[in-house]
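Engineer: Just add 4 to wherever you are in the sequence shown, counting from 1, and you've got our numbering. Have a look at this one.
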Amino acid sequence: MFESKKAILLDMNGTFMFGEDRFGSDEDYSEYYHGIGGELEKSSVNRLIAKVYAYLDLRYPDQRYRDNFPSVKEAISAVADLSLSHSEIDRIINTFSFHEHGHIPQQYVEALLALAGRFTLAAVIDIWAPKERWLTTFSDRGIDGLFKAISFSSDHGVVKPSPKPFRRIVKALGCREQDCLVIGDSVRRDLGGASAAGVDCVLVGGVHDSRAIACYPNLLAFKDDCC
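Structure follows, in structure tokens:
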């Protein structure tokens, strides 16, 4: 089924990174925040980050923000009811990114290495915080050199299912749409964006849709099937 495919455009969260988006109502953001020198009281920083998350979460599925999604810094400016220094804003962004960030299990590192031996790898990634924490993790896990091109939504404010980041990566790879395959766990974001860009999509994570060319329980099963 995948013999004609030369490149894979990977989603990240729920595809090869897990345990992300720790923004539940009982989350204590102050623990990390105070550990990096934050000066706001516990209740203040917890309330602020909860408001920042709610501000972005409301807009994420709204197509009006698909091509101009606000940054975490812009969200802080929109919801903060107190004056914040530049250093405090940086600490809040850092704390937000810590809670948005997940982990990459070793078996998924090995799967990515195997896939890189068969396909050209790229990634189309939606994150709200700046990308630096994720780039560090990619380097620490030894996968930073596997991706020929990466689109981080926080770099340009364009979020899936906009076809724009998919088209940008296909162009960067120098491939045709029919030579590429998107793999992700979201019908709306990954399948929707891939379809709009004219790229086939495989769904992972237990979701199913007739528009996908295949569905697998996870990326490991896809790797076992084609490598």
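No residue lacks a Cβ here, since even glycine has one placed at the ideal position from N, Cα and C. Source: prediction; values computed, not measured.
(1) Thinking C-alpha only, which one of THR124, GLU78, ASN72, ASP71 is nearest ILE53?
(2) First and last residue of the alpha helix (DSSP H) that includes VAL113?
(3) Any chance the region 76 to 92 sits against the region 108 to 116, with 3 or more Cβ pairs inside 8 Å?
(4) What residue range is occupied by the uninterrupted beta strand (DSSP E) comprising ALA82?
(5) What residue from ARG180, VAL206, GLY178, SER199 has the CA that sits closest to ASP189's CA?
(6) Would you call the region 40 to 55 in contact with the region 213 to 227, where contact means no fewer than 3 C-beta pairs closer than 8 Å?
(7) Look at the alpha carbon of GLU24 and the alpha carbon of GLU7, and state the distance between them as a whole number of angstroms.
(8) Just curious, the alpha helix (DSSP H) that ASP229 is in, first and last residue?
(9) Is it the case that the Cβ atoms of ALA126 and ILE173 are separated by a distance below 8 Å?
(10) Please report the distance separating the alpha-carbon of THR124 from that of LYS10.
(11) Kindly list the residues whose CB is nearer than 7 Å to the CB of PHE151, restricted to its own chain and excluding five residues on each side of it in sequence; keep chain order.
(12) How close, in whole Å, do the beta carbons of ILE131 and SER157 come, if the pair is a contact with beta carbons under 8 Å?
Structural biologist: Considering the structure as presented:
(1) Here residue 53 corresponds to residue number 49 of the sequence shown, with the count starting at 1. Ranking THR124, GLU78, ASN72, ASP71 by Cα distance to ILE53 puts GLU78 first.
(2) Residue 113 sits at position 109 when you count from the first residue of the sequence shown. Taken as a continuous stretch (DSSP letters only), the alpha helix (DSSP H) holding VAL113 covers 110 to 120.
(3) no
(4) Sequence index remark: in the sequence shown, residue 82 carries index 78 (1-based). Run containing ALA82: none in the beta strand (DSSP E); it sits in the alpha helix (DSSP H), 76 to 83.
(5) As a working mapping, residue 189 is identified with position 185 in the sequence shown. Looking at the Cα atoms, VAL206 is the closest of the given residues.
(6) no
(7) On the sequence shown, residue 24 is found 20 positions in, with the first residue counted as 1. On the sequence shown, residue 7 is found 3 positions in, with the first residue counted as 1. Roughly 33 Å separates the two Cα atoms.
(8) On the sequence shown, residue 229 is found 225 positions in, with the first residue counted as 1. Segment 223 to 230, the alpha helix (DSSP H) holding ASP229.
(9) Indexing the sequence shown from 1 puts residue 126 at position 122. Indexing the sequence shown from 1 puts residue 173 at position 169. Yes; because the gap between Cβ atoms is below 8 Å, this pair is in contact.
(10) To locate residue 124, count along the sequence shown from 1; it is residue 120. To locate residue 10, count along the sequence shown from 1; it is residue 6. If you take the alpha carbons of THR124 and LYS10, they lie about 6 Å apart.
(11) Within the sequence shown, numbered from 1, the residue matching residue 151 stands at position 147. If we look at PHE151 and ignore the five residues flanking it on each side, its Cβ neighbours are LEU125, ALA126, ALA127.
(12) For this step, residue 131 is matched to residue 127 along the sequence shown. For this step, residue 157 is matched to residue 153 along the sequence shown. Yes, ILE131 and SER157 are in contact; Cβ-Cβ is about 6 Å, under 8 Å.
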